[in-house]
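Enquirer:
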Amino acid sequence: MVSKKTKELNKEAIKKAIKGVKNTYSPDKMIIQAVQAFKEEEHLINVEYERLREFYWRYHPEALERVDSVEELTGMIIKGVNRPADTMGYGLSKEELSLMKSYAEGVKEHLKVIDLLEKFINAETIKLAPNTSRIATPLLTARLIALAGGFKELAFMPASTIQLLGAEKALFRHLKRGSRPPKHGVILSHSSVQSAKNKGKAARQLANKLMINLRKDYFGEDG
Amino acid sequence: MKLLLKRKGRYYTKALVPGSVYEEPVITISGNEYREWSPKRSKLGAGLRKGVRNPVKDSSFVLYLGAASGTTVSHVSDLTPKGRVYAVEFAPEPMKHLVLLAKKRANIIPLFANANKPGDYPVKVEPVSVVFQDIAQKNQVQIFRKNCKAYLKKDGTGLITVKARSIDSTKKPSIVFKAAEKELRKDFKILKQTRLEPYEKDHKIYVLKLK
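Protein chains in written order, with my numbering: chain A, 1 to 223; chain B, 224 to 434.
1. What would DSSP say about P333 (chain B), mapped onto helix, strand or coil?
2. For T251 (chain B), report the span of its beta strand (DSSP E) as first-last.
3. Considering only residues of the same chain and omitting the five flanking positions on each side of I145 (chain A), which have a CB-CB separation below 7 Å?
4. Run down chain B in chain order and give the residues with a C-beta less than 8 Å from the C-beta of I18 (chain A).
5. What are the residues in the stretch 27-60 of chain A lying within 8 Å of chain B by C-beta distance?
6. Taking C-alpha atoms, which residue in B:T236, B:R264, B:T380, B:V399 lies nearest to K386 (chain B)?
7. Please report how far the alpha carbon of Q163 (chain A) lies from the alpha carbon of S93 (chain A), in whole angstroms.
8. Along chain B, which residues have their Cβ under 7 Å away from the Cβ of E221 (chain A)?
9. Grab me the residues of W57 (chain A)'s own chain with a C-beta within less than 7 Å of its C-beta, minus the 5 sequence neighbours each way, in chain order.
10. Quick one: any contact between the stretch 410-430 of chain B and the stretch 248-259 of chain B, if contact means 3 or more CB pairs under 8 Å?
11. Does DSSP put Y218 (chain A) in a helix, a strand or coil?
12. Report the CB separation of Y374 (chain B) from V351 (chain B) in whole angstroms; it is logged as a contact under 8 Å.
13. Counting contacts by CB-CB distance shorter than 8 Å, is A325 (chain B) in contact with chain A?
14. Would you please state the rounded distance, in angstroms, between the beta carbons of S192 (chain A) and L206 (chain A)? I believe it to be under 8 Å.
15. Taking the alpha helix (DSSP H) that H197 (chain B) falls in, what are its first and last residues?
16. Does any C-beta atom of chain A lie closer than 8 Å to the C-beta of S392 (chain B)?
17. What residues match up with H426 (chain B) in a beta bridge as DSSP calls it?
18. Could you spell out where the alpha helix (DSSP H) holding Y59 (chain A) opens and where it closes?
19. Beta carbons nearer than 8 Å to chain B: which residues of the stretch 174-200 of chain A have them?
20. By Cβ distance, which residues of its chain are closer than 8 Å to K225 (chain B), with the 5 residues on each side in sequence left out?
21. Which chain B residues are close to F172 (chain A), counting only those with a beta carbon under 7 Å from its beta carbon?
22. What did DSSP end up calling A310 (chain B) once you bin it into helix, strand or coil?
23. List, from N- to C-terminal side, the alpha helix (DSSP H) runs of 4 residues or more that fit wholly inside the stretch 278-304 of chain B.
24. Based on Cα-Cα distance, which residue from B:K273, B:S397, B:Y422, B:Y309 lies nearest to V346 (chain B)?
25. Along chain A, which residues have their Cβ under 8 Å away from the Cβ of F335 (chain B)?
26. Out of curiosity, what's the CA-to-CA distance linking Q230 (chain B) and Y429 (chain B)?
27. Considering Cα atoms alone, identify which of B:R328, B:A269, B:G274, B:L271 is closest to V2 (chain A).
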């Protein structure tokens, strides 16, 4: 039913669209994916850590008093630790113990993945934005890129917008209903803002420096 | 065989290609598949529910701006088996969905281009009888006027969904709509206008004819 001319045009347009889409690659696309994945893995590992503690609490509660990291707990469960004779833990069956171990192995895989994600984000962001990464740490730079929707988008932003990336909810609450304006977004995680007495001032100053360095990174030093 | 069907308040389009596109329900009537047109996923679908009449005929040429992943485009493609749909989208990831859709539906012409520059489309666009736009940009009305000027036939129909929140998120929607109407009236007569509640918040659809 579709005419021959339309069919030909459809083929031609598809070819051009494929070419056009392929050409839009830039490294920040994968950095953004990695940042999102990192955030999700972080959350997932936290949830799984809590579950794993609950699991192990049934078996060997005494040991948990001294455990305060996922790495430690997964290592302990996978390796297996002797329990004291007077433990409050249940005498679990082979199946129950092996289930707990499998779960711990799953968590350990997530730890491996998040480690890879962090290394990837660090390396790629330093390559993409060396000056900004030096000031803001690569991870914060990557988070800003993700929030802005791309490196180019971030590099074109005024410092005041960079200062508030990640505080959109508070900003629009302010604009719409006149509540007090936010002073900082994800920039807050930077040590210079964290440790400052006047956090608003520190956030503004950091955002200004970031903006200058982002433009250096994006346009080139002599640009 | 009707291309657009209304049953129990729901709209259906006769599937140009069998099978569902975005997991919408499909019904079969005397051997023909009909795909349900979701008013929640598609603003044109919502418009129909609010009394907008389908402007697309079986051999219409349609220029669709802001095609995204092709949810609405798939229904427009159903409605014009002998015509074609020029589907413009500027974001690469949704464009990939659109290309996959166009591979199955030969009347879709996917254009990976910026609707701000109607002169720069990658293939030649012939005059169309319908322009439909759903773009969440600040200058959406301007984009629409430019494209209609370039491609809409004199007696053609223009449809635009105006998203008040992307023009100005701090002003009241009714004020934003008024300003948009004033700009639209420079080129168009407004035949019909309606808010898209409850399907979309702070959206309005306009049906227009060139002056």
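We put the CB at the ideal spot given by N, CA and C, even for glycine.
Expert: The structure says:
1. The answer is strand: DSSP assigns P333 (chain B) an E or B state.
2. Per DSSP, T251 (chain B) belongs to the beta strand (DSSP E) from 249-252.
3. Within its own chain, the residues whose Cβ lies closer than 7 Å to the Cβ of I145 (chain A), once the five positions on either side in sequence are excluded, are D28, I31, I32, F151, L154, listed in chain order.
4. From the beta-carbon of I18 (chain A), the residues of chain B found nearer than 8 Å are V322.
5. The stretch 27-60 of chain A vs chain B, Cβ under 8 Å: nothing.
6. When only C-alpha atoms are compared, the closest one is B:V399.
7. Rounded to whole angstroms, Q163 (chain A) and S93 (chain A) show a C-alpha spacing of 55 Å.
8. What E221 (chain A) touches in chain B: nothing, since even the nearest Cβ is about 29 Å away.
9. If you ignore the 5 residues before and after W57 (chain A), its C-beta comes within less than 7 Å of the C-beta of L64, all in its own chain and listed in chain order.
10. Between the stretch 410-430 of chain B and the stretch 248-259 of chain B, the count of C-beta pairs closer than 8 Å stays below three; the two stretches do not touch.
11. In the structure shown, the three-state DSSP call for Y218 (chain A) is helix.
12. A Cβ-Cβ separation of about 5 Å places Y374 (chain B) in contact with V351 (chain B) under the 8 Å criterion.
13. With 8 Å as the cut-off, A325 (chain B) counts as an interface residue toward chain A.
14. Correct: roughly 6 Å between the Cβ atoms.
15. Past the boundaries of the shown model lies residue 197 (chain B); chain B is included only from 224 to 434, so the question cannot be answered.
16. At least one chain A Cβ lies under 8 Å of S392 (chain B).
17. As a beta-bridge residue in DSSP terms, H426 (chain B) pairs with B:K386.
18. In the DSSP assignment, Y59 (chain A) falls within the unbroken alpha helix (DSSP H) covering 27-59.
19. Result list: L175, K176.
20. Hits under 8 Å: K237.
21. Under the 7 Å cutoff, chain B gives S392.
22. Judged by DSSP in its simplified three-state form, A310 (chain B) adopts strand.
23. Here the runs fully enclosed are 294-302.
24. Nearest C-alpha to V346 (chain B): B:Y309.
25. Going along chain A in sequence order, the residues near F335 (chain B) (Cβ under 8 Å) are K16, A17, G20, V21.
26. With the sequence shown as reference, residue 230 (chain B) is identified as Arg, and Gln is not the correct amino acid for it. Their backbone Cα atoms lie some 25 Å apart in a straight line.
27. Of B:R328, B:A269, B:G274, B:L271, the residue nearest in Cα terms is B:R328.
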